[in-house]
Amino acid sequence: MREHGTGRTHLRWAALAAAGALALTACGGGGEKEPGAPQGATASPGVALPRLDGEKLQVAAVWTGPEQENFTKVLKEFEKRTGATVTFVPAQDPIVTFLGTKIAGGAPPDVALLPQVGALVSAVENKWAQPVGAQAQAQLDKNYSPGWKSLGAVGGTQYGVYYKAANKSLIWYNAKAFEAAGVKPPTTWKELITAADTLSASGTPAVSVAGADGWTLTDWFENIYLSQAGPEKYDRLAKHEIKWTDDSVKQALTTLGELFGRKDFLAGGTSGALATEFPKSVTQTFTGGDRPAAAMVFEGDFVAVNIGQTEAKVGEDALVFPFPAVGAKAPVVSGGDVAVALKPSKGAQALLTFLASADAAQIQAREGGFLSPNKAVDPAAYPNDIQRNIAKALIEAGDDFRFDMSDQAPAAFGGTPGAGEWKALQDFLANPSDVAGTQAKLEADAAKAYGN
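Residue numbers for the sequence shown follow our numbering, beginning at 1 and rising by one.
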């Protein structure tokens with residue numbers, strides 16, 4: 001039996017949708033980093049850490065590029081305060097398989113950042129994970145809402161610290177492309193399709209889809225499903241209490257097919273979308289002057305990291321609007337990375353304590369493309385108004401959100417490249433008319449992975 005916080009952590013999600021809409025539409029300016037904006041307190045550390053002189057730690061995560069570089073700055077501060085030496089170990093998806101290999105070889109990392117609730121459950125079931133210590137628990141109790149704490153617990157025991165969160169219900173757009181086509185940010189799915197038609201007719205494909213990375217496709221589906229089918233069915237499908245052959249899934253896939261089925265809407269057409277990895281899906285939307293590869297790209301707040309690799313400025317050239325309402329209410333899907341100790345060492349627990357503190361989160365918040373569920377993080381640490389307001393909306397919403405559905409699933413179904421939901425939705429992108437076939441494949445894979 002899989003246990004996670006999903007059913008307990010959120011009762012309403014309209015509050016965050018409304019807060020997010022207000023926050024995003026209120027953002028008119030702000031570049032990469034605003035001159036004169038306070039950058040958060042750093043002078044006096046807020047969390048006590050032990051001396052760990054001579055101790056060597058390894059930390060594993062699937063992060064690459066700027067995300068990895070920014071997290072390394074957090075680890076450097078930990079080294080400075082404790083005297084420990086920390087090495088970042090790049091992991092591959094699925095991370096449970098990667099960790100299993102390391103553990104079988106007798107060389108597990110001290111701490112791992114897991115991108116799925118399902119991976120946390122697997123780590124506990126495999127007896128790899130260590131419960132959090134008293135100091136880390138104290139930071140969690142002080143800085144986190146009950147919902148985020150429960151997502152890091154299995155069977156009533158706290159194992160994880162949600163260091164990084166994500167608002168995965170955002171669509172980023174090229175301001176010049178929208179202006180040239182005379183398009184305004186849509187608030188409903190119908191308006192989104194109309195805008196996509198106008199944009200594509202103007203000569204700029206509407207949307208850049210990262211079809212080479214199956215996880216992005218699960219996020220497309222989840223936002224549509226949550227808004228269209230509602231939170232109760234979302235929770236049931238997440239637990240496989242209803243089948244993927246259900247009519248609600250058919251309706252969501254049919255809706256998604258309205259976008260994926262129009263080759264002219266997609267940067268590079270269908271084949272181009274299937275060959276596009278996530279970083280490129282962002283950068284090609286914000287390069288090319290007045291002729292970018294696409295006018296929009298869908299994904300979470302972390303898109304800002306990849307925009308930072310272009311000359312576009314967040315808040316000026318790159319703007320954002322909430323995922324449009326498909327049903328009665330706009331969706332808000334959240335994700336996150338949970339830090340778990342895999343060794344019963346003093347150093348591993350000290351790092352969990354640090355990652356549960358505002359001190360660590362504020363370091364990475366300043367770099368952009370990062371969102372923390374930690375209530376104690378100074379909003380001024382975020383580098384621009386867009387990111388500051390996305391973070392504010394998340395904190396003010398408390399537990400009113402839905403966690404990424406695929407991240408709740410067993411990794412074999414919801415977190416493995418070339419398999420399960422990732423592969424089924426890539427096949428759907430290739431042939432959006434095959435709704436029934438996609439449903440049958442999803443249900444067969446889900447039943448096998450969930451064991452029911």
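Don't be surprised by glycine CBs; every beta carbon is placed ideally from N, CA and C. Since the model is a prediction, treat every value here as computed from it, not as a measurement.
For a test of the three-state rule: what should DSSP assign to residue i, helix, strand or coil?
i	result
Y162	strand
I242	coil
A206	coil
K56	strand
Q130	strand
T87	strand
Y225	helix
V62	coil
V47	coil
N70	helix
Y173	strand
T187	coil
K153	Correcting the residue identity first, residue 153 is Ala in this sequence and not Lys. A153: strand per DSSP, three-state reduction.
A201	helix
K212	Residue identity check: residue 212 is Ala in the sequence provided, not Lys. Coil.
G40	Its pLDDT being 38, under 50, G40 is placed unreliably by the model, and the measurement read from it follows with that caveat. Note: G40 maps to coil in three-state DSSP.
A112	strand
N431	coil
N143	helix
Do residue j and residue i have their beta-carbon atoms positioned less than 8 Å apart in this structure?
i	j	result
L442	L217	no
L355	A295	no
G347	D110	yes
W172	V320	yes
Y159	P131	yes
T276	V207	no
A446	F413	yes
N143	A380	no
D385	Q362	no
A48	Y163	no
F78	V89	no
A325	S227	yes
K184	D317	no
P432	G272	no
Going by other Cβ atoms of all chains shown within 10 Å of its Cβ, with 16 needed for buried, is residue i buried or exposed?
i	result
E241	exposed
E67	buried
G28	Residue placement at G28 cannot be trusted, given a pLDDT of 38 that sits under 50; the coordinates are not used to answer.
R388	buried
A23	Note that A23 has pLDDT 45, beneath the 50 cutoff, so the model's placement of it is unreliable and the number below is only indicative. The residue in question, A23, is buried, as its Cβ has 16 or more Cβ neighbours within 10 Å.
D493	Nothing in the structure corresponds to residue 493, since the chain is present only between 1 and 452.
K448	exposed
N223	buried
P146	exposed
D399	buried
S122	buried
K102	buried
S281	buried
A350	buried
D337	buried
R262	buried
P344	exposed
K149	buried
R366	buried
Answer with yes or no whether the minimum CB distance from residue i to chain C is below 8 Å.
i	result
K441	No chain C appears in the structure shown, which is made up of a single protein chain.
Just to check my reading of the structure: residue i and residue j have Cβ atoms closer than 8 Å, yes? What is that Cβ distance to the nearest angstrom?
i	j	result
S169	V435	Going by Cβ atoms, the distance from S169 to V435 rounds to 23 Å, so no, they are not a contact pair.
F403	V117	7 Å
A205	A293	Note on identity: in this sequence residue 205 is Pro, with Ala being the wrong assignment. At roughly 7 Å, the Cβ-Cβ gap stays under 8 Å, so P205 and A293 are in contact.
G368	A304	5 Å
N70	F370	7 Å
G230	G327	7 Å
T245	A440	7 Å
T283	T310	5 Å
P108	W128	7 Å
Sequence ranges, alpha helix (DSSP H) only - wholly within the segment 351 to 422, length at least 4: Runs found: 358 to 365, 385 to 397, 405 to 408 and 411 to 414.
Alpha helix (DSSP H) segments (min. 4 residues) lying fully within the segment 265 to 347: Counting only runs of 4 or more, we get 269 to 274, 278 to 283 and 303 to 307.
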